[in-house]
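Here the structure is laid out as C-alpha cells; the discussion comes afterwards.
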Amino acid sequence: MPAPLVARLPGGVRAFTTDGETLRLDLAGIGLDGAWVTIRFRVPGSGGIGRLLLTVLAHGDQGAILPEEALGGDAFAWTGRLPEGGRALVLTPLAPGRPFAVADVVIRRRGRLALLARAALRSPPRTVRALYWRSLGLKVRGRGLLGAALAHRRGTGYQAWIRRFDSLDAAGRAGIRATAAAWEAPPLISILMPVHDPAPRVLEAALRSVRAQLYPHWELCVVDDASTDPAVQRRLAAHEAADPRIRVMRRGVNGHIARATNDALAMARGAYVAFLDHDDALAETALFHVAEAVRADPNLVLVYSDEDKIDGRGRRFEPHFKSGFDRELLYGQNYINHLTVIRTDAVRALGGLRPGFEGSQDHDLLLRLTAGLAPERVHHIPKVLYHWRAAGGSGTFSDRALAQAESARLQALAEVAAAFGARAERGPLGFNRLVRPLPDPAPRVSVVIPTRDRADLLAQVLAGLFTATDYPDLEVVVVDNDSREAVTQALFTAHAGETRLRVLPVPGPFNFSDLSNRGAAAATGTVLLFLNNDVEIVEPGWLAQMVSCVLDPTVGAVGAKLLYPDGTLQHGGIVLGVGGVAGHSHLGLPGEEPGYFARMVLTQEVSAVTGACLAVRAAVFEEVGGFDARHLAVAFNDVDLCLRLRAAGYRNVWTPHARLIHHESKSRGPEDTPEKRARFEAETRVMQARWEPQLRADPYYNPNLSRASAHFRL
C-alpha cells in the first residue's frame, strides 16, 4: 500500500485523508486562518496541465476555489490569503476516473514585503491601488486588490514557454524511459513516412527524430516514392542498417503521396499508425504521450497533438495550440493536421488515403474517419509533439499546387456533407464552408426580446427584423418589463397592425432569465431566437444561417458574430474560465481579422454563446429547463444554459456567417452600483459552485493558453 500523501506545514507535517478520489488536509489548529501563504505541489506526469481542483473549505461546506498556477514541469503553486475559518484543504480530480498523483505538498507563510514585491512584478497598477486603499484604512479593498495582483498572469513569448514547459533534462528523460519500461504489453506504433526527393539534411533530421524517441516500441515504415537523388537512397539505407525497427521499401514509379503512404500502411504491424512527413520532426516525447493515451483508453480511434513550425536553423516558432475535437471546425480546416495517430484497422477499413486528393489527402482521411465517430473516441494531447518544417527543401505538394489542394479539400467535404443534405463552398481565405440547407417550408422562428423602454433601440431591432431580415416565417415576442415612457407606448401603437409582433407584459424586477422563459412559453415557433433589444441587424441572411445550423439534431445553441459599433469584435464565442467564469473569444479584434489560426472566420463548436443572440430549438430549450431564473437572473444565464445543453449531449456552435452589431448593455447599463455588483458576485459564485471543473477545462480552448483573456495567447 502506498504511503499517505503528507503536507509540510509551518511547524510540522500532516497527512491527507482520502474519500474516494478526493484528498483532504485538516487545517485545524495550524493557525493559518486569514494568513497569506503559498501552496506548492507537484502532479507527476501532468506537464503543467492542471488535473485537479484546489479548494479550501470554510464555514459549513462552503468552499473557496484556489486557482493554482503552473510553474513549469509538473509543479504548481497558489499564493494568496486563506479565508477566515478555513478548516480543510481539498484536492479533487478534474477528470474523475483518470489516474493522477500528487506529491511534495508544501504550505508556507508569506511576509508582507515578499508579497508586495511579487504583486508589483505581476501587476504594478493593482499593487499601487492596494497600497493606496490600505493607507486609507480600507483593509478589505486593499486585500482584494493585492490578491488580484498576485493572481495576475503575464503573457510570455514562445521561446520562454519552451524553456519553462517544454524542455526535458536527463532526469526527466530517464523517468519517461523507466515508466515506459514498466508497462505491460506496450502498444507498437507504426510510423508511416512517404519519401520523395527531400533535401538530404531535412530527411536526416526527420529520421533522427524518430530514432531519438524516448518510447522504444515503434517501427518506421518508409516508402521511397521513386526519389531521383541518390543521396536520399543512401541515407535511408544507412538508417535501415543501423536500426532494425526501420524498414524501407522503394517504388519503381512515382505515385505521389497517397499511394506511397498506402504502401507504408500495408507494411505496418502496429495497432496504431502515426503520419510523419519526410521533412518534419517529432518531439522526443511524442510516441510516449501517444502510447500513454491509448493505454489509458484502448477505445480511442484518433489521437492528435499540438504542433509548431521549425526553420532551417532548428528554431521553433508559430505554435498551434489546438482545441479538443471540434467536428464543425474540421469541416472548415484541417486543424488536427500534425501529429495524427489513428488505429491501423480504422485506416485500412477506409481504404487508406485516396489518390486524387493530393494536397488535402490528410483532411480527406480525417473527414471520412470522423463521420459518425463518437467524440469520446478522439483524444487531443495538449502538448507540442510535432515540428512542421517551414524551410527550403521540404518539397511539399500543397506548396506547389495550392489550387489543386483546395479543390481536393472542397471535394472531400462535399462527399461527407452530401450524407446529411449539405454542400461545400469555398469560404474565407480559401478554407471550406459547410452550407446546410433550410427545409421547405422553413420552420417558424420566434424571436424573444426582453425590453424596458429604450424605444430608440427597440425600434431599430424591430425594423431590422421586419424589413431587413430575409426569412419567410417569423414572429417577434417583445417581453415588456414595465416600460413607462410615452415613446415606447407610441412604438407599440405604431406596430399594432404588424401581425408578426406580440407584446407580452411582464411586470416586476428585471430578471432576464425569467423574461426570456416567459417569452419562450408564449412563442409558437419550433425555433427560439433570444435577442437583446440593443442588437442591430446589418445582413439579410443572418437568421437563415443560424436556423440552418440549429436544425442539426446534434446541435444545441447557435451563436452569431457580434461586432461593436466601431467594427471590432464583441462576441466570437465564449471561453470558459476567463475572468473566473467566462469571457468572449477574441474580444476587441478588428472585425475582419481572421483571429487565431482563422478561428474568427470559421464556423466552430464552442462551450457557450451569448444570450444576446442565441438560437435553440424550442423542444431542446424545454428539455433542459430553460434559463435559470432563480439563481442567474442577469449574468451567466446563457453560459449556464449552454453548459446544460452540452451535459445533455448537444453541441453548441458559433458561426461567423451570421453577423450583427451589438450595442452591448445600452439598455440595461453597466454593473456600476453596489446592488448590481453584489448580484453579479452572487451569480459568479453560483457558476463556480455548479460548473467549476468545466470552467477550468474548456475543451475548445487549449490549457496552455492564458485565461487572463480569451485572445489565444500564452
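Position in the sequence shown counted from 1, then plus 655, gives you the working numbering.
C-beta: ideal position from N, C-alpha, C; glycine also.
By DSSP, does residue i sit in helix, in strand, or in coil?
| i | result |
| --- | --- |
| A1029 | coil |
| Y959 | strand |
| P1096 | coil |
| S1101 | strand |
| P748 | strand |
| G1011 | coil |
| Q1016 | helix |
| K1371 | This structure does not reach residue 1371, given that the chain is present from 656 up to 1369, and the question cannot be answered. |
| D1128 | coil |
| E724 | strand |
| S1364 | coil |
| I831 | helix |
| H1174 | Inspection of the sequence shows that residue 1174 is occupied by Gly rather than by His. Note: G1174 maps to helix in three-state DSSP. |
| H1034 | strand |
| F930 | strand |
| F1167 | helix |
| W1309 | strand |
| R736 | strand |
| A1263 | strand |
| G1211 | strand |
| A1145 | helix |
| V1275 | helix |
| A895 | For clarity, residue 895 is Glu in the given sequence; the question names Ala instead. Here E895 sits in helix by DSSP. |
| A995 | The sequence given here has Thr at residue 995, not Ala. T995: strand per DSSP, three-state reduction. |
Could you tell me which residues DSSP puts in a beta bridge with residue i?
| i | result |
| --- | --- |
| D681 | A743 |
| G1238 | V1230 |
| E1080 | R1088 |
| C876 | L847, R902 |
| K1216 | R1314 |
| R763 | T693 |
| K964 | F972, W1043 |
| D1135 | T1106, P1160 |
| F1185 | V1103, L1269 |
| L664 | G667 |
| A719 | V711 |
| F731 | F696, A725 |
In whole angstroms, give me the CA-to-CA distance for residue i and residue j.
| i | j | result |
| --- | --- | --- |
| H1226 | A926 | 43 Å |
| W1309 | V908 | 46 Å |
| V1193 | S1262 | 26 Å |
| A897 | R828 | 22 Å |
| I636 | M904 | Residue numbering for the chain in the displayed model covers 656 to 1369; residue 636 lies beyond these limits and cannot be assessed. |
| E1130 | W1197 | 16 Å |
| R1173 | G1163 | 13 Å |
| F1052 | H851 | Any reading at F1052 is ruled out, since the residue's pLDDT is 42, under 50, leaving its predicted position unreliable. |
| A1178 | L1084 | 39 Å |
| D961 | A1063 | 24 Å |
| Y1126 | P699 | 55 Å |
| P780 | A1175 | 45 Å |
| N1292 | F1282 | 6 Å |
| R1345 | V1264 | 18 Å |
| R970 | I817 | 11 Å |
Quick check on this structure: which residue in the options has the alpha carbon closest to the alpha carbon of residue i?
| i | options | result |
| --- | --- | --- |
| W1043 | L858, T1025, A867 | L858 |
| V1071 | T1025, L1218, G700, G799 | T1025 |
| M1342 | T1106, G967, G1232 | G1232 |
| L1028 | T1209, A1079, L843 | T1209 |
| L931 | R924, L869, K1331, S864 | S864 |
| N1187 | P1030, G684, L1112 | L1112 |
| I1229 | G967, P779, V1294, S978 | V1294 |
| G1076 | A1063, N1087, P1094 | P1094 |
| P853 | D935, P841, L875, Y787 | D935 |
| V945 | A713, D681, A1212, Q868 | Q868 |
| A1045 | A923, D963, R1155, F1367 | D963 |
| P1311 | L709, M1201, V783 | M1201 |
| R902 | V711, L786, D879 | D879 |
| D1169 | T1148, D1135, E1153 | D1135 |
| R742 | L771, G689, A785 | G689 |
| G675 | V745, T693, R663 | V745 |
| R1081 | R767, A1141, G987 | G987 |
Worksheet item: How do the segment 989-1007 and the segment 945-956 stand: do at least 3 beta-carbon pairs fall below 8 Å, yes or no?
Response: yes
Worksheet item: Per the contact definition of three or more C-beta pairs closer than 8 Å, is the segment 1335-1351 in contact with the segment 1286-1302?
Response: yes
Discussion item. Whether or not the segment 965-982 and the segment 1353-1363 are in contact is what I'm after, with contact meaning three or more pairs of Cβ atoms, one per stretch, closer than 8 Å; do they touch?
Written reply: yes
Item to complete: Would you check if the segment 829-841 and the segment 917-926 touch, i.e. whether three or more CB-CB distances between them fall below 8 Å?
Response: no
Worksheet item: Taking contact to mean at least 3 C-beta pairs separated by less than 8 Å, is the segment 1083-1098 in contact with the segment 1250-1264?
Response: yes
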